[in-house]
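Student: For the record, in the sequence shown the residue sitting at position 197 is 529 according to the numbering used here, with numbers rising by one throughout.
Where a beta carbon is used, it is the ideal one built from N, C-alpha and C, also for glycine.
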Amino acid sequence: MEINILHGQNQIGGSIIEISSKNIKIILDIGSNLEDKEIVVLEIDGLFKGIELLEGNDRPVFVLMAATNIDRLVTFYKIANATKRLFLLDTYAGLITDIIGGNILNVRIFLTTPNKHEILKNYPQNKIGKNEIANSNFMMCIRSSMKQYLENHSKEFSFEGCVLFYSMWEGYKKQENMKEFLKFMEEKGVKTISLHTSGHADEKDFDKLIKKVEPKIIIPVHTENSEWFKRYEHCEIICDKNIIKI
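(1) Quick test of your reading: M471 and V395, contact by CB under 8 Å. State the CB separation rounded to the nearest angstrom.
(2) Can you name the start and end residues of the beta strand (DSSP E) that M500 belongs to?
(3) Identify which residue in C473, F491, N438 has its Cα closest to the Cα of S499.
(4) What is the DSSP secondary structure of K354, counted as helix, strand or coil?
(5) Exposed or buried, H485, counting other C-beta atoms within 10 Å across all chains shown (16 or more means buried)?
(6) Just curious, the alpha helix (DSSP H) that D422 is in, first and last residue?
(7) For T280, count the other beta carbons within 10 Å of its own beta carbon; 16 or more makes it buried, fewer makes it exposed. Which is it?
(8) Buried or exposed for C571, please, with buried defined as at least 16 other CB atoms from any protein chain shown within 10 angstroms of its CB.
(9) Is E568 helix, strand or coil when you go by DSSP?
(10) Helix, strand or coil for L396 per DSSP?
(11) Which one or two residues does DSSP pair with M472 in a beta bridge?
(12) Could you check if S353 is buried or exposed, using at least 16 other CB atoms within 10 Å of its CB as the buried criterion?
(13) The alpha helix (DSSP H) with K462 in it runs from where to where?
(14) Using C-beta distances below 6 Å, list every residue in its chain close to L418, excluding the 5 sequence neighbours before and after it, in chain order.
(15) Determine the extent of the beta strand (DSSP E) in which K523 is found, giving its start and end residues.
(16) Quick one, are the C-beta atoms of L379 and T415 less than 7 Å apart?
(17) Looking only at its own chain, which residues have a Cβ that is under 7 Å from the Cβ of F516, when we skip the five neighbours before and after it?
(18) Are I551 and E568 close, meaning C-beta to C-beta below 7 Å?
(19) Using CA coordinates, which residue listed in E483, F497, K462 is at the minimum distance from H449?
(20) What did DSSP end up calling K459 once you bin it into helix, strand or coil?
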């Protein structure tokens with residue numbers, strides 16, 4: 333069985349529909365955009381929206397996102413440049429940008445673990461320490477696992493008036509560790525704004541794809557709206573907690 337992974341801006345509404353429908357039995361649909369709880373925009377719209385939301389705000393910005401989402405990294409990098417902020421990545425996200433190469437220039441790399449200074453030797457021109465960060469206007473890409481690092485940073489300068497762009501699946505907010513992290517940021521005086529600049533398909537694109545390939549089985553993932561797919565009566569819909577043998 334052939335499996336195709338389709339993701340990213342350039343796939344939507346174009347070449348995705350040109351796939352041959354022969355022998356496609358199963359579609360795994362990431363249905364993030366079938367929900368209406370967050371601001372969901374394409375990357376180019378997200379760029380302008382992010383700049384607009386930061387207009388008149390000269391405080392540092394945090395971005396809660398997956399470091400592996402390259403489209404989104406590039407979008408926020410452009411927002412940082414447009415709003416004259418240093419774009420900061422930890423060593424993990426920095427490694428990912430090194431692998432893809434070329435798309436994200438002039439970033440600054442910071443360390444979250446004090447005893448790992450040897451890693452920064454890979455970034456002699458781009459490394460940045462906590463004192464320089466504290467005295468800069470920056471946009472920092474973070475993960476919820478960085479809570480202790482941010483707690484330490486909040487002792488260097490006040491987070492009051494800062495912005496946190498939440499740019500992940502809205503469903504994660506129900507998880508205890510995410511609730512705890514967002515509450516922590518709120519208590520530090522940080523305003524959270526949901527801005528999900530998505531490379532996923534929307535309703536129309538899902539509909540085109542399913543009608544084109546006519547799969548026998550649809551498995552909705554990463555969505556709170558799996559009921560949406562039940563309109564396709566010719567397909568078997570495999571929802572959460574069900575087991576399927578392939």
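Tutor: Judging by the given coordinates:
(1) M471 to V395, Cβ: 6 Å. Contact.
(2) For M500, there is no enclosing beta strand (DSSP E), as DSSP marks it with neither H nor E.
(3) Distances from the alpha-carbon of S499 to those of C473, F491, N438 put C473 closest.
(4) Its pLDDT being 47, under 50, K354 is placed unreliably by the model, and the measurement read from it follows with that caveat. It is coil, neither helix nor strand.
(5) Buried: at least 16 other Cβ atoms inside 10 Å.
(6) For D422, no alpha helix (DSSP H) segment is defined; the enclosing uninterrupted segment is the beta strand (DSSP E) at 418-422.
(7) With the chain represented from 333 up to 578, any question about residue 280 goes unanswered, as that position is not in the structure.
(8) With fewer than 16 other Cβ atoms within 10 Å, it is exposed.
(9) E568 falls in the strand class under three-state DSSP.
(10) Here L396 sits in strand by DSSP.
(11) In DSSP, M472 forms a bridge with F394, L420.
(12) Interpretation of S353 is limited by its pLDDT of 45, a score under 50 that renders its predicted location unreliable; the figure taken from the coordinates is listed afterwards. Counting Cβ neighbours within 10 Å, S353 comes out exposed, since fewer than 16 surround it.
(13) Start and end: 462-466.
(14) Excluding sequence neighbours, L418 sits near R440, S468, F470.
(15) In the DSSP assignment, K523 falls within the beta strand (DSSP E) that extends over 523-526.
(16) No, the Cβ-Cβ distance between L379 and T415 is not below 7 Å.
(17) Once the five neighbours on either side are set aside, the close Cβ partners of F516 are K479.
(18) Here I551 is not near E568, since their CB atoms are 7 Å or more apart.
(19) Of the candidates E483, F497, K462, K462 places its Cα closest to the Cα of H449.
(20) If DSSP states are grouped into helix, strand and coil, K459 belongs with the strands.
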